[in-house]
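Single-structure report; data block below.
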Amino acid sequence: MVVEERVAGAGTDVLIRKVDSHLAALRAGLHGPELELAERLAACLRELVRQTAQSSAADRGQVRAAVHFFVLRRESRGRLLSVRSLAAAQRVVNKVVVQLDRPDLLVETRRDLLV
């Protein structure tokens with residue numbers, strides 16, 4: 001039983017480190033509303049990872065897939081991640097949030113900042 005808890009904790013730590021590492025890289029290349037969206041996505045993903053650490057394998061798999069989608073690097077005109085890619089990550093994260101019945105974690109688009 002203790003082994004299972006350590007394994008879940010280790011998997012949780014790895015996913016959170018991936019999110020944090022990617023966000024640190026994004027901070028070097030993004031500013032303003034794009035960076036704010038990336039930070040909100042990262043915060044949501046961290047919370048999902050923590051909340052599903054002891055959930056079913058299916059739930060953990062959905063969260064893991066969302067984390068991997070977020071951290072997947074795409075080059076775009078000298079910037080690490082394009083706004084469009086962040087919007088795609090936002091859609092994936094929000095889909096997982098809805099499927100896990102956590103509407104409180106939805107990452108809304110701040111249109112007033114994107115204008």
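In my numbering, the protein residues as written are 1 to 115. All C-beta atoms in this analysis are idealised placements derived from N, C-alpha and C, irrespective of residue type, glycine included. Since we're looking at a predicted model, the values are computed, not measured.
For this session: Kindly list the residues whose CB is nearer than 8 Å to the CB of Gln90, restricted to its own chain and excluding five residues on each side of it in sequence; keep chain order.
Result: Result list for Gln90: Leu37, Leu41, Val107 and Thr109, in chain order.
For this session: Measure the Cβ-Cβ separation of Val96 and Leu26 and say whether it is below 9 Å.
Result: Going by C-beta atoms, Val96 is not nearer than 9 Å to Leu26.
For this session: Starting from Pro33, follow the alpha helix (DSSP H) in both directions and report where the run begins and ends.
Result: Boundaries of the alpha helix (DSSP H) harbouring Pro33: Gly32 to Gln51, taken from the DSSP string.
Exercise. Given Gly11, which residues of its chain have a CB within under 7 Å of its CB, disregarding the five upstream and five downstream residues?
Worked result: Closer than 7 Å at Cβ, skipping near neighbours: no residue.
Exercise. DSSP state of Asp13, grouped into three classes?
Worked result: Note: Asp13 maps to helix in three-state DSSP.
Problem set entry | Own chain, CB closer than 7 Å to Lys18, minus 5 neighbours either side, in chain order | Sequence-distant Cβ neighbours of Lys18 in its own chain, meaning closer than 7 Å and more than five residues away, are Val67 and Val71.
For this session: Give me the Cα-Cα distance between Ala88 and Gln51, rounded to the nearest whole angstrom.
Result: Going by C-alpha positions, Ala88 is about 23 Å away from Gln51.
Exercise. Where does Asp59 fall in DSSP's three states?
Worked result: Correct three-state label for Asp59: helix.
Exercise. For Val93, is the classification buried or exposed, using 16 other Cβ atoms within 10 angstroms of its Cβ as the cut-off for buried?
Worked result: Result: buried.
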